[in-house]
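Heads up, the sequence shown is in the working numbering, so the first residue is 396 and it goes up one at a time.
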Amino acid sequence: RRSEALELEMRLAAMRAERATLLALRNRMQINDETLAKLTREVDLSETALTSRGRNRG
Numbered sequence: 396r397r398s399e400a401l402e403l404e405m406r407l408a409a410m411r412a413e414r415a416t417l418l419a420l421r422n423r424m425q426i427n428d429e430t431l432a433k434l435t436r437e438v439d440l441s442e443t444a445l446t447s448r449g450r451n452r453g
């Protein structure tokens with residue numbers, strides 16, 4: 396149980412870091428707004444799936 400909660404927190408932290416990295420890339424004009432939106436949506440969907448799965452277990 397505890398290890399599952401820890402894994403969930405680590406994955407969510409990684410997703411927050413991924414969003415921050417995407418924003419930094421856009422701010423440095425290494426990706427455009429459209430790419431930022433598409434990639435952020437993928438992260439959002441992954442996060443939703445992960446948190447939904449976590450709620451269904453507990």
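In this text, a Cβ means the ideal position worked out from N, Cα and C, and glycines have one as well. This structure is a prediction, so every number in the text was calculated from the model and none was measured.
Beta-carbon spacing of residue i, residue j below 7 angstroms
{"i": "Leu417", "j": "Thr435", "result": "yes"}
{"i": "Met410", "j": "Glu442", "result": "yes"}
Nearest residue (CA-CA) to residue i, options the options
{"i": "Arg414", "options": "Glu402, Arg396, Lys433", "result": "Lys433"}
{"i": "Leu445", "options": "Arg397, Arg396, Ser398, Leu403", "result": "Leu403"}
Alpha carbon of residue i to alpha carbon of residue j, nearest angstrom
{"i": "Leu420", "j": "Ile426", "result": "6 angstroms"}
{"i": "Leu431", "j": "Ala400", "result": "29 angstroms"}
{"i": "Arg396", "j": "Met424", "result": "42 angstroms"}
Continuous alpha helix (DSSP H) stretch holding residue i: start and end
{"i": "Met424", "result": "Element bounds for Met424: n/a, residue is neither H nor E."}
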